[in-house]
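Trainee:
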Amino acid sequence: MIAPGVLARTVSDYTHRRPSESPTLAQHAKAGACHHRGTCPLVTVGPVVVNEHHEVLMVRGGRAPARLPEARLTEGFDTLTEAAFDLARALGVEQLWIQPGCEDPIQLHTARADPQDGDRMRVAVRYLVRTHAALCHFAPGAPQVWTPLTEVDLELARRVSSFMASGAR
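Following numbering that gives the first Met the number 0, the numbering of the sequence shown begins with 0 at its first residue and continues without gaps.
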């Protein structure tokens, strides 16, 4: 299980590097502001899988638009990166690697949690991982779809492009 300290350190490091990006997290984390009464953010983890054609792996869900894959943290993982890799493999991405210089999360995406999770925020910890399209095996009719990077969230697309161009931070 991912220790709470690992998660807290990841979020703290991220917000330290990008303070203007995470006011919701910073506000929640202020000393004494959280009493853990069902209002703590729901933390999920997800891979931002990019292939050699600069396409991002997305998941379709019924009539909803395709979205980046993410899942709640579960038992059995010691790191967030390990959990992101496991989700990518579960989606059919058999061989993947971390973008060199991008071992830390590429984005902490905050949004409202799904209604069944109550009135709180959802924080998706996203890691940039690479693969080759030919190394991915999706079941017929599976919800996975490759989407051009330019059609993904603009801020995420800029960040991914920047990391891929520089190869490092």
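For each residue, glycine too, the CB sits at the ideal point set by N, CA and C.
Taking the beta strand (DSSP E) that T43 falls in, what are its first and last residues?
Mentor: Taken as a continuous stretch (DSSP letters only), the beta strand (DSSP E) holding T43 covers 41-49.
Trainee: Specify whether the segment 97-110 and the segment 141-148 touch according to this definition: at least 3 beta carbon pairs, one from each stretch, less than 8 Å apart.
Mentor: Because the criterion of three Cβ pairs below 8 Å is not met, the segment 97-110 and the segment 141-148 do not touch.
Trainee: With the cut-off set at 9 Å, would you say T9 and V159 are in Cβ contact?
Mentor: No, the Cβ-Cβ distance between T9 and V159 is not below 9 Å.
Trainee: To the nearest angstrom, report how far apart R71 and A164 are at their CA atoms.
Mentor: Approximately 30 Å, taken between the alpha carbons.
Trainee: Would you report the Cα separation of C95 and R129, rounded to the nearest angstrom?
Mentor: The question names Cys, but residue 95 is Leu in the sequence shown. Each residue's Cα considered, the two are about 5 Å apart.
Trainee: Give me whichever residues DSSP pairs with H108 in a beta bridge.
Mentor: Partner(s): A123.
Trainee: Starting from the Cα of L155, find the closest Cα among A7, P46, P18, H131 and give me that residue.
Mentor: Considering only alpha carbons, the answer is P46.
Trainee: Beta-carbon separation of Y126 and T80 under 9 Å?
Mentor: Contact flag set, yes.
Trainee: Are A63 and M57 touching if we call contact CB-CB under 9 Å?
Mentor: It is not a contact, given that the beta carbons lie outside the stated cut-off.
Trainee: Pull up the distance between the alpha-carbon of N50 and that of A132, whole angstroms please.
Mentor: Taking the straight line joining both Cα atoms gives about 6 Å.
Trainee: Take R88 as the anchor and find which of E69, G140, D77, P40 has the nearest alpha-carbon.
Mentor: Among E69, G140, D77, P40, the Cα nearest to that of R88 belongs to E69.
Trainee: Round the Cβ separation of G91 and H136 to the nearest angstrom and send it over; I've been treating them as touching at under 8 Å.
Mentor: That belief holds up - the Cβ atoms of G91 and H136 are roughly 5 Å apart, short of 8 Å.
Trainee: Taking the alpha carbon of E150 as the reference point, which residue from G60, L107, L67 has its own alpha carbon closest?
Mentor: The option with the nearest alpha carbon to E150 is L67.
Trainee: What's the C-alpha gap between H108 and P139?
Mentor: Distance between the alpha carbons of H108 and P139: 30 Å.
Trainee: Determine the DSSP secondary structure at G31, reduced to helix, strand or coil.
Mentor: Low confidence applies to G31: its pLDDT is 47, below 50, so where it sits in the model is not reliable, and the reading given next is rough at best. Coil at G31, not helix or strand.
Trainee: Quick one: using the 10 Å Cβ neighbour count with 16 as the cut-off for buried, is L134 buried or exposed?
Mentor: By the neighbour-count rule (16 or more Cβ atoms within 10 Å), L134 is not buried but exposed.
Trainee: Note the first and the last residue of the continuous beta strand (DSSP E) segment covering T146.
Mentor: Element bounds for T146: 143-147.
Trainee: Does A141 pass the burial test, meaning 16 or more other C-beta atoms within 10 Å, or should it be called exposed?
Mentor: Classification for A141: exposed.
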